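**Q** Residue numbers for the sequence shown follow the numbering used here, beginning at -18 and rising by one.
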Amino acid sequence: MQSRFAASLVIGLLVVGCSGGGSEETPVYDAEGDAAVDETETGASDSGGADESSAETASDSDAEDVATSDTVDDGADEAGADAVDVGDDVETDGDAVGTGDVAVEGGDGGSFPAACSWCHGDRASGNPAPPRSATGETATSARGVGAHAKHLSASAWRHEIVCTDCHAVPTDLMHGDGKADLKWSARAGAITYASLTCRGSTCHGAKLLPPPTSVAVAREPVWNVVDGTYSKCGTSCHSNPPAGWHTPATACDGCHADVVDSYDPVTMATTWKDASRHVNGVVDVVGGKTCTSCHGDATTKNPAPPRGSKGETLTTDRAVGAHAKHLGASTWRRDIACDDCHPIPSWTLHSNAKTDLLWGTLTRSDGAAPKFDPLTSTCAGQYCHGATLLPASAGGTTRREPVFNQVDGTFSACGESCHTNPPGGTHPNSTACPTCHGTVIATYDPTTKAATWKDRSKHIDGEVVLNCTSCHGVPGGSEAPPNGTKGETLTSQKAVGAHQAHLASSTWHRDVLCADCHTKPTSVLHMNGVAELTWSAVSAADGAAPAYGATTATCSGVYCHGSTLAAAAPGGTTRRQPVWTTVDGTYDGCGTSCHTNPPGGWHSSSMKCPTCHTSIKTYDPVTKTATWKDRTLHVNGKVDAYDMGDCMLCHEDMF
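1. Between which two residues does the beta strand (DSSP E) harbouring ASP601 extend?
2. Who does VAL384 pair with in a DSSP beta bridge?
3. Looking only at its own chain, which residues have a Cβ that is under 6 Å from the Cβ of ASN261, when we skip the five neighbours before and after it?
4. Are the segment 541 to 551 and the segment 571 to 591 touching by the rule of at least three beta carbon pairs closer than 8 Å?
5. Note down the Cα distance separating SER487 from SER398, rounded to an integer number of angstroms.
6. Of all the options HIS101, VAL455, SER122, which has the alpha carbon lying nearest to the alpha carbon of GLY159?
7. Expressed to the nearest angstrom, what Euclidean distance is found between the alpha-carbon atoms of LEU133 and THR297?
8. With a threshold of 8 Å on Cβ separation, who are the neighbours of ASP239 within its own chain once the five nearest residues in sequence on each side are excluded?
9. Going by DSSP, name the residue or residues bridged to TRP516.
10. By Cβ distance, which residues of its chain are closer than 6 Å to GLY581, with the 5 residues on each side in sequence left out?
11. In terms of residue numbering, what span does the beta strand (DSSP E) encompassing SER243 cover?
12. If you run the structure through DSSP and keep just helix, strand and coil, what is TYR174?
13. Using DSSP bridges, identify the partner residues of VAL477.
14. In three-state DSSP terms, what is SER374?
15. Secondary structure at TYR529, three-state DSSP: helix, strand or coil?
16. Can you list, in chain order, the residues of its chain whose CB lies under 7 Å from that of ALA476, leaving out five sequence neighbours each side?
17. Whose C-alpha, out of HIS615, ALA622, ASP497, GLY127, is nearest the C-alpha of SER585?
18. Let me confirm a value: ASP321 is counted as buried when at least 16 other C-beta atoms fall within 10 Å, else exposed. Which label applies?
19. Near VAL207, what residues of its chain come up, given a Cβ to Cβ distance below 6 Å and the 5 sequence neighbours on each side ignored?
20. Suppose only complete runs of 3+ residues qualify. What are the beta strand (DSSP E) ranges in the segment 393 to 478, listed by chain order?
21. Evaluate GLY376 with the Cβ neighbour count: other Cβ atoms within 10 Å of its Cβ, from every protein chain shown; 16 or more gives buried, anything less gives exposed.
22. Should the segment 402 to 414 be regarded as contacting the segment 279 to 296, the criterion being three or more beta carbon pairs within less than 8 Å?
23. When you compare each of ASP389, ALA394, PRO355, THR357 to HIS366 by their alpha carbons, which one comes out closest?
24. Among ALA350, ASN386, GLY341, THR401, whose alpha-carbon lies nearest the alpha-carbon of PRO372?
25. Apart from the five residues on each side of it in sequence, which residues of its chain come closer than 6 Å, Cβ to Cβ, to ALA479?
26. Give the single residue among THR369, ARG299, ARG200 whose Cα lies nearest to the Cα of SER358.
27. Starting from the C-beta of ALA232, find all residues in its chain whose C-beta is less than 6 Å away, skip the five residues before and the five after it, and write them out in chain order.
28. Once DSSP output is grouped into helix, strand and coil, what is the label at ALA256?
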């Protein structure tokens, strides 16, 4: 019987497209499976045996190619009906079953339809899927039946499944060899099948997010268990909502509106807009989603938690923490935006169950290197929390490493969080904040630590806006003290001293500039608590070697005070080492400070000043008063005099 069934399959393959019983020509096959050409009409005998004379009518030239019964079935003695007899299951009406079905002529004029449903499934309806199996099983507990009908039945909640969704459908009859040659389809995924269990099936959620630890999902269905265990909403392919990076919202229609109409998280009952798009190999997510679709407040369109992406609402929850505290309106700092702390994702790939925290530009200002410790929820190194500011003043405290989910004000108290008031280190020891930060702060009370603000948007904005008068001098006026960096105002104080005496307009010398005495800093890095005095070109002119004695506040070797001039004339006095804090005129008297009149040494003792120094108009040696033709040429770094090559300038009375 087995050999005859195999022979019928071979014949079925070779006569694809032939008609059913009553055909005018019945091909005869040789041992190689080739049909012999016979131009003589033949027919099937009523007895079911082939008419032996039909074979004999073949031409002599083709006689050797005519097949006998032995070429079909080694167990048959003669060509005839027994060669294709497949038993009692064969239909005997002699007609082909179904359009396009392949029929093979039986020995008694019946036919064998080569349709899938002829061997398994329902012959009457033409449904090829079991029950019935190829060996006749009908129970779902049988492996040959299993969940075939369960998969292929109509559904109200998923795409209508066809055979090829799970496995390839054979295109020939060679699979009828007693083995299940199962080739998974691309849609089914990388499935492994063992012990009646499917693993790795895309249709059963293998590629979906894992469920929460408190929920079990049945993603490895047992093929012959069809009681609904592996098709329950929320407990089979995925939980509701899925875990991992998926939003915890149970309003499925929010993101899957093209598929789901409504979903009840309590009863897990769903109404569908288009069930054919569920379990169809594509995750359908509608467009138009915004940040608030997953976190924040959709009503106010504020994307910052609360709500967290898993529904968190408490500030003690790390997903919520100090988000609102940062973004709330403030009376003492600039309003903070999300991207001040971290960039805003422009795609949904950040939904990956991880907090992909990239720091924003503001947090990294001034060379800050921010970081976050997820174990303690602690931020450190942020510009915004004073990481780049000076250390606390003596006895003061700063809290520069805020805990993100502690929002009781501990990390935003004025004078106790980012910096002390005043800051320590090289910062001026003054609590008069408006003196230096007048564009930002209007008033500050060091006792109550209360401040009023001129422009709070400049506080914590990534830059400290200062100029020279922010720390010393008079804002809007002179850069030179008073005031000193610590509020000094007296000339007897070294921070003030003779600054203004030098810079005041004069009738007898060029107006002195700050840079005539010392170079001017171009950054605030000189704010280190030490007076770093770098002498300028004018103060060191003509080979002078200026120096300053901090203990006595005395300058020496300065060109401007006559250090390179001739010695005093006999009986005269010079004061070339001025005390910086003495500004009573002692060190700027004409003829008694830088040089005598006339100077001593090699200098002429009889010549009148205007004779050689055209910058002078007149000079009275008795009153030591002068009128000036061009005072800017006096104390300007060089000696302006006539060419000494003209002897008559000095010796005209000798000729």
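Where is the CB? At the ideal position from N, CA and C, for every residue including glycine. Bear in mind that the values here come from a model prediction, so they are computed numbers and not experimental data.
**A** With the structure as the only source:
1. 597 to 601
2. THR359
3. HIS140
4. yes
5. 49 Å
6. HIS101
7. 50 Å
8. LYS254, ASP255, ARG258, ASP265, VAL267
9. HIS499
10. ALA547, ALA548, ALA549, ALA550
11. 241 to 245
12. strand
13. Paired residue(s): none; VAL477 is not in a bridge.
14. coil
15. strand
16. PRO462, GLY465, THR466, LYS467, GLU469
17. ALA622
18. buried
19. THR121, ALA128, LYS131
20. 422 to 426, 431 to 434
21. exposed
22. no
23. ALA394
24. THR401
25. TRP561, VAL564
26. ARG299
27. none
28. helix
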